[in-house]
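Numbering (our numbering), first residue to last: 23 to 335.
Pasting the structure below:
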(Lines of atoms letter the chains of each structure in order from A and count residues from 1; the text may use other names and numbers.)
(Lines give C-alpha, C1' and ligand atoms only; values in the text may rest on other atoms or scores of the structure.)
Protein backbone atom coordinates (compact mmCIF):
# COMPACT_ATOMS: atom_id res chain seq x y z
CA UNK A 1 0.00 0.00 0.00
CA UNK A 2 1.20 3.49 -0.82
CA UNK A 3 0.65 5.99 1.95
CA UNK A 4 -1.23 9.09 0.90
CA UNK A 5 -0.52 12.78 1.41
CA UNK A 6 -3.65 14.56 2.63
CA UNK A 7 -3.95 18.32 2.08
CA UNK A 8 -6.51 20.14 4.22
CA UNK A 9 -7.86 23.64 3.85
CA UNK A 10 -8.63 25.17 7.25
CA UNK A 11 -11.51 27.66 7.26
CA UNK A 12 -14.74 26.08 6.08
CA UNK A 13 -13.13 22.65 5.79
CA UNK A 14 -11.34 21.48 8.94
CA UNK A 15 -12.64 24.35 11.03
CA UNK A 16 -16.02 26.02 10.66
CA UNK A 17 -16.52 29.77 10.59
CA UNK A 18 -17.35 29.68 14.29
CA UNK A 19 -13.71 28.59 14.77
CA UNK A 20 -14.64 25.10 15.93
CA UNK A 21 -13.02 21.77 15.05
CA UNK A 22 -15.56 19.00 15.70
CA UNK A 23 -14.29 16.31 18.09
CA UNK A 24 -15.27 13.68 15.55
CA UNK A 25 -13.16 15.39 12.88
CA UNK A 26 -10.23 15.40 15.29
CA UNK A 27 -10.65 11.64 15.72
CA UNK A 28 -10.64 11.19 11.94
CA UNK A 29 -7.38 13.14 11.67
CA UNK A 30 -5.79 10.97 14.33
CA UNK A 31 -6.99 7.84 12.55
CA UNK A 32 -5.46 9.00 9.27
CA UNK A 33 -2.15 9.70 10.99
CA UNK A 34 -2.25 6.32 12.75
CA UNK A 35 -2.66 4.71 9.32
CA UNK A 36 0.65 6.26 8.27
CA UNK A 37 -0.60 9.00 5.97
CA UNK A 38 1.00 12.45 5.82
CA UNK A 39 -1.13 15.39 6.94
CA UNK A 40 -0.53 18.81 5.38
CA UNK A 41 -2.35 22.08 6.02
CA UNK A 42 -3.09 23.87 2.74
CA UNK A 43 -4.56 27.21 3.71
CA UNK A 44 -4.83 30.89 2.96
CA UNK A 45 -3.62 31.53 6.49
CA UNK A 46 -0.02 32.50 7.13
CA UNK A 47 2.09 30.51 9.58
CA UNK A 48 1.37 32.93 12.43
CA UNK A 49 -2.37 32.55 11.85
CA UNK A 50 -2.63 28.78 12.34
CA UNK A 51 -4.94 27.94 15.23
CA UNK A 52 -3.00 26.58 18.23
CA UNK A 53 -5.51 23.74 18.58
CA UNK A 54 -4.52 22.45 15.12
CA UNK A 55 -0.84 22.24 15.97
CA UNK A 56 -1.40 19.39 18.43
CA UNK A 57 -2.21 17.03 15.56
CA UNK A 58 1.39 17.09 14.41
CA UNK A 59 0.82 18.09 10.79
CA UNK A 60 3.80 17.14 8.68
CA UNK A 61 3.85 20.39 6.79
CA UNK A 62 2.03 23.44 5.54
CA UNK A 63 1.27 25.16 2.28
CA UNK A 64 0.43 28.53 3.80
CA UNK A 65 -0.67 31.97 2.66
CA UNK A 66 -2.40 30.44 -0.38
CA UNK A 67 0.81 28.81 -1.60
CA UNK A 68 3.29 31.50 -0.59
CA UNK A 69 4.96 29.63 2.27
CA UNK A 70 5.80 25.93 2.06
CA UNK A 71 7.10 24.03 5.09
CA UNK A 72 7.85 20.31 5.41
CA UNK A 73 8.90 18.59 8.63
CA UNK A 74 9.81 21.94 10.16
CA UNK A 75 12.00 22.93 7.21
CA UNK A 76 11.20 25.83 4.92
CA UNK A 77 10.90 24.58 1.34
CA UNK A 78 9.82 27.82 -0.32
CA UNK A 79 8.82 31.32 0.71
CA UNK A 80 7.43 33.80 -1.81
CA UNK A 81 6.92 37.39 -0.67
CA UNK A 82 5.87 40.54 -2.50
CA UNK A 83 8.97 42.59 -1.82
CA UNK A 84 8.93 46.37 -1.82
CA UNK A 85 9.00 46.55 -5.64
CA UNK A 86 5.64 44.81 -6.06
CA UNK A 87 4.06 46.02 -2.85
CA UNK A 88 4.63 49.73 -3.54
CA UNK A 89 2.36 50.08 -6.62
CA UNK A 90 -0.24 47.77 -5.07
CA UNK A 91 -0.47 49.77 -1.86
CA UNK A 92 -0.53 53.01 -3.86
CA UNK A 93 -3.50 51.73 -5.88
CA UNK A 94 -5.41 50.57 -2.80
CA UNK A 95 -4.60 53.78 -0.92
CA UNK A 96 -5.94 55.86 -3.80
CA UNK A 97 -9.26 54.04 -3.52
CA UNK A 98 -9.26 53.90 0.32
CA UNK A 99 -9.50 50.12 0.32
CA UNK A 100 -9.20 48.49 3.78
CA UNK A 101 -6.47 45.87 3.87
CA UNK A 102 -4.77 43.21 5.94
CA UNK A 103 -1.18 42.35 5.06
CA UNK A 104 -0.25 38.78 5.97
CA UNK A 105 3.32 37.95 6.93
CA UNK A 106 4.83 34.85 8.51
CA UNK A 107 5.25 36.82 11.74
CA UNK A 108 1.81 38.39 11.95
CA UNK A 109 -0.78 40.58 10.31
CA UNK A 110 -0.80 44.32 9.67
CA UNK A 111 -4.16 46.08 9.35
CA UNK A 112 -5.22 49.49 8.19
CA UNK A 113 -7.49 51.08 10.83
CA UNK A 114 -10.52 50.87 8.54
CA UNK A 115 -9.96 47.13 8.09
CA UNK A 116 -11.23 46.51 11.62
CA UNK A 117 -14.87 47.50 11.01
CA UNK A 118 -14.69 46.17 7.45
CA UNK A 119 -13.68 42.70 8.64
CA UNK A 120 -16.28 42.82 11.37
CA UNK A 121 -19.07 41.97 8.94
CA UNK A 122 -17.66 38.49 8.32
CA UNK A 123 -18.85 35.55 10.37
CA UNK A 124 -15.34 34.50 11.38
CA UNK A 125 -15.09 37.57 13.61
CA UNK A 126 -18.60 37.42 15.09
CA UNK A 127 -18.41 34.42 17.43
CA UNK A 128 -18.90 36.58 20.53
CA UNK A 129 -20.91 39.80 20.00
CA UNK A 130 -19.88 41.04 23.45
CA UNK A 131 -16.19 40.80 22.63
CA UNK A 132 -14.43 43.93 21.32
CA UNK A 133 -13.93 43.60 17.57
CA UNK A 134 -10.15 44.07 17.67
CA UNK A 135 -9.88 41.27 20.22
CA UNK A 136 -12.12 39.04 18.10
CA UNK A 137 -9.97 39.63 15.02
CA UNK A 138 -6.79 38.91 16.96
CA UNK A 139 -8.32 35.71 18.32
CA UNK A 140 -9.24 34.62 14.79
CA UNK A 141 -6.01 35.45 12.97
CA UNK A 142 -3.34 35.54 15.65
CA UNK A 143 -0.63 38.20 16.10
CA UNK A 144 -1.52 41.49 14.45
CA UNK A 145 -0.99 45.20 14.66
CA UNK A 146 -2.85 48.21 13.34
CA UNK A 147 -0.62 50.65 11.46
CA UNK A 148 -2.33 53.94 10.57
CA UNK A 149 0.50 55.13 8.30
CA UNK A 150 -0.35 53.46 5.00
CA UNK A 151 2.39 55.43 3.23
CA UNK A 152 5.13 53.29 4.81
CA UNK A 153 3.63 49.88 4.09
CA UNK A 154 5.76 49.11 1.04
CA UNK A 155 9.00 50.04 2.79
CA UNK A 156 8.18 48.32 6.07
CA UNK A 157 6.27 45.20 5.03
CA UNK A 158 7.98 43.84 1.95
CA UNK A 159 7.77 40.37 3.54
CA UNK A 160 4.02 40.36 2.82
CA UNK A 161 2.94 36.94 1.54
CA UNK A 162 -0.72 37.68 0.86
CA UNK A 163 -2.94 40.74 1.13
CA UNK A 164 -6.60 40.57 2.11
CA UNK A 165 -8.80 43.46 1.01
CA UNK A 166 -12.47 44.36 1.39
CA UNK A 167 -14.92 47.13 0.45
CA UNK A 168 -13.16 47.63 -2.88
CA UNK A 169 -14.96 49.80 -5.47
CA UNK A 170 -14.57 46.97 -8.02
CA UNK A 171 -15.36 43.26 -8.06
CA UNK A 172 -12.61 40.65 -7.97
CA UNK A 173 -12.53 40.28 -11.77
CA UNK A 174 -11.81 43.97 -12.27
CA UNK A 175 -9.33 43.86 -9.40
CA UNK A 176 -7.54 40.91 -10.98
CA UNK A 177 -7.32 42.71 -14.32
CA UNK A 178 -5.87 45.80 -12.64
CA UNK A 179 -3.28 43.69 -10.82
CA UNK A 180 -2.08 41.70 -13.83
CA UNK A 181 0.55 44.27 -14.91
CA UNK A 182 2.00 44.10 -11.39
CA UNK A 183 2.46 40.33 -11.52
CA UNK A 184 -0.29 39.87 -8.92
CA UNK A 185 -3.68 38.19 -8.92
CA UNK A 186 -6.92 38.59 -6.96
CA UNK A 187 -9.03 35.67 -5.74
CA UNK A 188 -12.55 36.07 -4.33
CA UNK A 189 -12.85 36.03 -0.55
CA UNK A 190 -13.39 32.66 1.11
CA UNK A 191 -15.07 34.25 4.13
CA UNK A 192 -18.79 34.20 4.87
CA UNK A 193 -20.87 35.94 3.76
CA UNK A 194 -19.59 35.92 0.19
CA UNK A 195 -18.59 39.36 -1.07
CA UNK A 196 -17.61 40.25 -4.64
CA UNK A 197 -15.74 43.30 -3.35
CA UNK A 198 -13.47 41.39 -0.98
CA UNK A 199 -10.68 38.98 -1.73
CA UNK A 200 -7.04 38.06 -1.36
CA UNK A 201 -4.08 39.14 -3.46
CA UNK A 202 -1.07 36.92 -4.12
CA UNK A 203 1.81 36.74 -6.56
CA UNK A 204 0.42 35.72 -9.93
CA UNK A 205 2.40 32.47 -10.16
CA UNK A 206 1.59 31.47 -6.57
CA UNK A 207 -1.35 29.23 -5.65
CA UNK A 208 -2.12 26.34 -3.34
CA UNK A 209 -1.50 23.97 -6.26
CA UNK A 210 1.92 25.50 -6.98
CA UNK A 211 2.78 25.20 -3.30
CA UNK A 212 1.67 21.58 -3.29
CA UNK A 213 4.00 20.87 -6.21
CA UNK A 214 6.92 22.49 -4.38
CA UNK A 215 6.20 20.33 -1.34
CA UNK A 216 5.86 17.16 -3.43
CA UNK A 217 9.17 17.89 -5.14
CA UNK A 218 10.83 18.21 -1.73
CA UNK A 219 9.26 14.89 -0.70
CA UNK A 220 10.08 13.19 -4.01
CA UNK A 221 6.40 12.24 -4.07
CA UNK A 222 3.84 11.84 -6.84
CA UNK A 223 0.71 13.95 -7.18
CA UNK A 224 -1.21 10.72 -7.78
CA UNK A 225 -0.74 9.98 -4.08
CA UNK A 226 -2.45 13.17 -2.92
CA UNK A 227 -5.97 13.90 -1.71
CA UNK A 228 -7.05 17.51 -1.16
CA UNK A 229 -10.03 18.78 0.83
CA UNK A 230 -11.37 22.30 0.34
CA UNK A 231 -14.41 24.51 0.04
CA UNK A 232 -13.55 28.02 -1.12
CA UNK A 233 -12.43 30.07 -4.13
CA UNK A 234 -8.74 29.75 -3.27
CA UNK A 235 -9.07 25.95 -3.25
CA UNK A 236 -9.95 25.54 -6.94
CA UNK A 237 -6.43 24.90 -8.24
CA UNK A 238 -5.69 22.63 -5.28
CA UNK A 239 -8.77 20.48 -5.87
CA UNK A 240 -8.08 20.21 -9.60
CA UNK A 241 -4.37 19.45 -9.12
CA UNK A 242 -4.64 16.74 -6.47
CA UNK A 243 -4.86 13.07 -7.32
CA UNK A 244 -8.29 13.19 -5.72
CA UNK A 245 -10.02 16.49 -5.00
CA UNK A 246 -12.82 16.53 -2.43
CA UNK A 247 -15.04 19.61 -2.12
CA UNK A 248 -16.94 20.04 1.12
CA UNK A 249 -20.72 20.06 1.01
CA UNK A 250 -20.74 23.69 2.14
CA UNK A 251 -18.27 24.62 -0.61
CA UNK A 252 -18.84 27.13 -3.37
CA UNK A 253 -20.12 25.83 -6.71
CA UNK A 254 -16.77 26.36 -8.41
CA UNK A 255 -15.03 24.20 -5.80
CA UNK A 256 -17.47 21.36 -6.40
CA UNK A 257 -16.88 21.66 -10.13
CA UNK A 258 -13.10 21.54 -9.66
CA UNK A 259 -13.27 18.47 -7.42
CA UNK A 260 -13.42 14.91 -8.70
CA UNK A 261 -16.91 14.37 -7.36
CA UNK A 262 -19.74 16.67 -6.22
CA UNK A 263 -20.60 16.69 -2.54
CA UNK A 264 -23.91 15.89 -0.94
CA UNK A 265 -25.02 17.33 2.39
CA UNK A 266 -25.68 14.85 5.20
CA UNK A 267 -25.56 14.59 8.95
CA UNK A 268 -22.04 15.59 9.83
CA UNK A 269 -21.70 14.17 13.32
CA UNK A 270 -22.83 10.72 12.18
CA UNK A 271 -20.66 10.74 9.06
CA UNK A 272 -17.46 11.76 10.81
CA UNK A 273 -18.12 9.52 13.80
CA UNK A 274 -18.27 6.54 11.45
CA UNK A 275 -15.14 7.85 9.73
CA UNK A 276 -13.18 7.70 12.97
CA UNK A 277 -13.96 4.00 13.35
CA UNK A 278 -13.10 2.75 9.89
CA UNK A 279 -10.87 5.33 8.21
CA UNK A 280 -7.62 3.49 8.98
CA UNK A 281 -8.89 0.21 7.56
CA UNK A 282 -10.32 1.91 4.48
CA UNK A 283 -7.12 3.78 3.82
CA UNK A 284 -5.07 0.62 4.21
CA UNK A 285 -7.30 -1.46 1.97
CA UNK A 286 -7.62 1.18 -0.74
CA UNK A 287 -10.65 -0.78 -1.85
CA UNK A 288 -13.69 1.39 -1.78
CA UNK A 289 -14.55 5.06 -1.79
CA UNK A 290 -16.98 6.39 0.73
CA UNK A 291 -18.10 9.61 2.37
CA UNK A 292 -16.01 12.12 4.23
CA UNK A 293 -16.89 15.13 6.30
CA UNK A 294 -14.56 17.36 8.21
CA UNK A 295 -16.96 20.28 8.17
CA UNK A 296 -19.24 21.00 11.10
CA UNK A 297 -22.31 21.15 8.90
CA UNK A 298 -21.98 19.07 5.76
CA UNK A 299 -20.49 15.92 4.36
CA UNK A 300 -18.92 15.04 1.04
CA UNK A 301 -19.58 12.03 -1.11
CA UNK A 302 -16.62 10.65 -3.04
CA UNK A 303 -17.24 7.84 -5.50
CA UNK A 304 -14.66 5.35 -6.78
CA UNK A 305 -12.46 6.81 -9.52
CA UNK A 306 -10.45 3.71 -10.38
CA UNK A 307 -7.92 1.47 -8.67
CA UNK A 308 -6.33 4.41 -6.92
CA UNK A 309 -9.65 5.43 -5.40
CA UNK A 310 -9.58 6.17 -1.70
CA UNK A 311 -12.36 7.09 0.62
CA UNK A 312 -13.18 8.14 4.15
CA UNK A 313 -16.34 6.87 5.76
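A virtual CB, placed ideally from N, CA and C, is assigned to each residue, including glycine.
When the Cα of residue i is compared with those of the options, which residue comes out closest?
i: residue 190; options: 25, 96 and 117; result: 117
i: residue 164; options: 237, 28 and 41; result: 41
i: residue 252; options: 81, 75 and 62; result: 62
i: residue 248; options: 218, 282, 273 and 228; result: 282
i: residue 255; options: 53, 272 and 243; result: 272
i: residue 223; options: 66, 51, 45 and 280; result: 66
i: residue 27; options: 270, 192 and 238; result: 238
i: residue 64; options: 75, 162 and 260; result: 260
i: residue 217; options: 193, 200 and 199; result: 193
i: residue 336; options: 213, 279, 84 and 199; result: A query on residue 336 cannot be resolved here, the shown segment of the chain reaching from 23 to 335 and no further.
i: residue 115; options: 199, 279 and 245; result: 199
i: residue 186; options: 154, 138, 75 and 36; result: 138
i: residue 76; options: 155, 245, 154 and 36; result: 36
Could you name the residues of the same chain whose beta carbon sits closer than 7 Å to that of residue i, not counting the 5 residues immediately before and after it, in chain order?
i: residue 240; result: 94 and 99
i: residue 257; result: 31, 230 and 277
i: residue 107; result: none
i: residue 24; result: 247
i: residue 176; result: 106, 109, 110 and 113
i: residue 243; result: 27
i: residue 197; result: 190, 208 and 221
i: residue 142; result: 155
Can you pull the DSSP bridge partners for residue i?
i: residue 84; result: 63 and 93
i: residue 126; result: 131 and 184
i: residue 167; result: 132
i: residue 265; result: Its beta-bridge partners do not exist; DSSP assigns none.
i: residue 215; result: Residue 215 pairs with nothing; no bridge assigned.
i: residue 37; result: 33
i: residue 223; result: 185 and 208
i: residue 72; result: Answer is none; residue 72 lacks a bridge partner.
i: residue 28; result: 61 and 249
i: residue 98; result: 93
Going by beta carbon distance, what residues of the same chain come within less than 6 Å of residue i, once the five residues before and after it are set aside?
i: residue 136; result: 122
i: residue 126; result: 68, 87, 183 and 184
i: residue 220; result: 188 and 211
i: residue 215; result: none
i: residue 225; result: 102
i: residue 104; result: 182
i: residue 179; result: 125 and 132
i: residue 140; result: 122, 188 and 189
i: residue 228; result: 89, 90 and 102
i: residue 250; result: 29, 260, 261, 264 and 267
i: residue 236; result: 92, 99 and 100
i: residue 119; result: 191
i: residue 168; result: 133 and 135
i: residue 51; result: 79
By Cβ distance below 8 Å, which residues in the same chain neighbour residue i in space, the five residues on each side in sequence not counted?
i: residue 101; result: 90, 91, 92, 128 and 183
i: residue 160; result: 166
i: residue 170; result: 134 and 135
i: residue 245; result: 234, 235, 238, 263, 264 and 265
How should residue i be labelled, buried or exposed, when 16 other C-beta atoms within 10 angstroms of its C-beta is the threshold for buried?
i: residue 233; result: buried
i: residue 275; result: exposed
i: residue 144; result: buried
i: residue 173; result: exposed
i: residue 80; result: exposed
i: residue 44; result: buried
i: residue 78; result: exposed
i: residue 157; result: exposed
i: residue 83; result: buried
i: residue 280; result: buried
i: residue 162; result: buried
i: residue 269; result: buried
Relative to the ligand NAD, is the shortest distance from any of its heavy atoms to the C-beta of residue i smaller than 7 Å?
i: residue 171; result: The ligand NAD is absent from the structure shown, which contains no ligand whatsoever.
Can at least three beta-carbon pairs, one atom from the stretch 192-207 and one from the stretch 55-73, be found at a separation below 8 Å?
The stretch 192-207 makes no contact with the stretch 55-73: fewer than 3 CB pairs, one atom from each, lie closer than 8 Å.
Does the pairing of the stretch 122-139 with the stretch 263-275 give three or more beta-carbon distances under 8 Å?
In short, these stretches do not touch, since the Cβ pair count stays below three.
Please determine if the stretch 65-73 and the stretch 146-153 are in contact, where contact requires at least 3 C-beta pairs separated by less than 8 Å.
In this structure the stretch 65-73 does not touch the stretch 146-153; the number of beta carbon pairs closer than 8 Å is below three.
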